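Novice: Following this message is one structure expressed as structure tokens.
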Amino acid sequence: MKRFKENRKAVSPVISTIIIVAVAIAISIAVAFWLGGITSIFTRFEKLEIPTAYATNASYKIGSNVMTGWNITLNVKNTGTTDTTIDSVLINGIPASEIVNVTVTFDGGLWINNATVESISTFIKSGVSIDIIIGIPRGPYISGQSITITLHTSGGQDYPKTVVLP
Numbered sequence: 266m267k268r269f270k271e272n273r274k275a276v277s278p279v280i281s282t283i284i285i286v287a288v289a290i291a292i293s294i295a296v297a298f299w300l301g302g303i304t305s306i307f308t309r310f311e312k313l314e315i316p317t318a319y320a321t322n323a324s325y326k327i328g329s330n331v332m333t334g335w336n337i338t339l340n341v342k343n344t345g346t347t348d349t350t351i352d353s354v355l356i357n358g359i360p361a362s363e364i365v366n367v368t369v370t371f372d373g374g375l376w377i378n379n380a381t382v383e384s385i386s387t388f389i390k391s392g393v394s395i396d397i398i399i400g401i402p403r404g405p406y407i408s409g410q411s412i413t414i415t416l417h418t419s420g421g422q423d424y425p426k427t428v429v430l431p
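All you need for the numbering used here is the position in the sequence shown, starting with 1, plus 265.
The structure is reproduced here in structure tokens:
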């Protein structure tokens, strides 16, 4: 049987305490970084703000026809921490794609024209603003009427804004 030398000393209590404290600090730093990474994943959210919305008398073109009515202009800003997609526009609760003679443009690109869907989604990066212009005809809508425009996103959120036609 092997015997240990009696004079041989183990690690001193001071050194062992320093090692334990160093290991504890290293583990706590690792846990803090791990929790920070998890919270950034779970705290991402979408939020659209519509700081400006107004209606003007206008004429707009659908095919070869010139329609008279109003242009409703919405300035939309994504103030959330994640990018989002507007996947539908509703006018008084009805999808714009189901209303005849309505046009929707976003930053100059045609989206819906006379109930023909060209592209049903508009991508907005976090922190970016876009302009959405909705052309609606006279007839179904009259001057002085309140129009509620609702933007629906791929995240399932609705963002309504009410505008009074001049």
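C-beta atoms are modelled at their ideal positions from N, C-alpha and C, and glycine is treated no differently. Every value quoted in this text rests on a predicted model; they were computed, and no experiment measured them.
Mapping DSSP to helix, strand and coil, what is L430?
Specialist: Within the sequence shown, numbered from 1, the residue matching residue 430 stands at position 165. If DSSP states are grouped into helix, strand and coil, L430 belongs with coil.
Novice: Cβ atoms of T347 and Y319: under 8 Å apart, would you say?
Specialist: By 1-based counting over the sequence shown, the position of residue 319 is 54. By 1-based counting over the sequence shown, the position of residue 347 is 82. Against a cut-off of 8 Å, the Cβ pair of T347 and Y319 comes out as no contact.
Novice: I'd like the ranges of any alpha helix (DSSP H) spanning at least 4 consecutive residues and lying wholly in the segment 298–355.
Specialist: Listed in chain order, there is nothing to give.
Novice: Could you give the distance in angstroms between the alpha-carbon of S324 and the alpha-carbon of P431?
Specialist: The residue labelled residue 324 in the question sits at position 59 within the sequence shown. The residue labelled residue 431 in the question sits at position 166 within the sequence shown. Roughly 14 Å separates the two Cα atoms.
Novice: Residue range of the beta strand (DSSP E) that G400 falls in?
Specialist: Counting from 1 along the sequence shown, the entry for residue 400 is found at position 135. It spans 394–402 - the beta strand (DSSP E) in which G400 sits, taken as one unbroken run.
Novice: Do S391 and G345 have their beta-carbon atoms positioned less than 8 Å apart in this structure?
Specialist: As a working mapping, residue 345 is identified with position 80 in the sequence shown. As a working mapping, residue 391 is identified with position 126 in the sequence shown. Their beta carbons are under 8 Å apart, which means G345 touches S391 by this criterion.
Novice: Could you name the residues of the same chain whose beta carbon sits closer than 6 Å to that of Y424, not counting the 5 residues immediately before and after it, in chain order?
Specialist: As a first step, residue 424 must be located in the sequence shown, where it is residue number 159. Excluding residues within five positions, the ones whose Cβ falls inside 6 Å are L313, L416.
Novice: In angstroms with no decimal places, state the Cα-to-Cα distance between I246 and F371.
Specialist: The shown model of the chain, from 266 to 431, leaves out residue 246, and the question about it has no answer.
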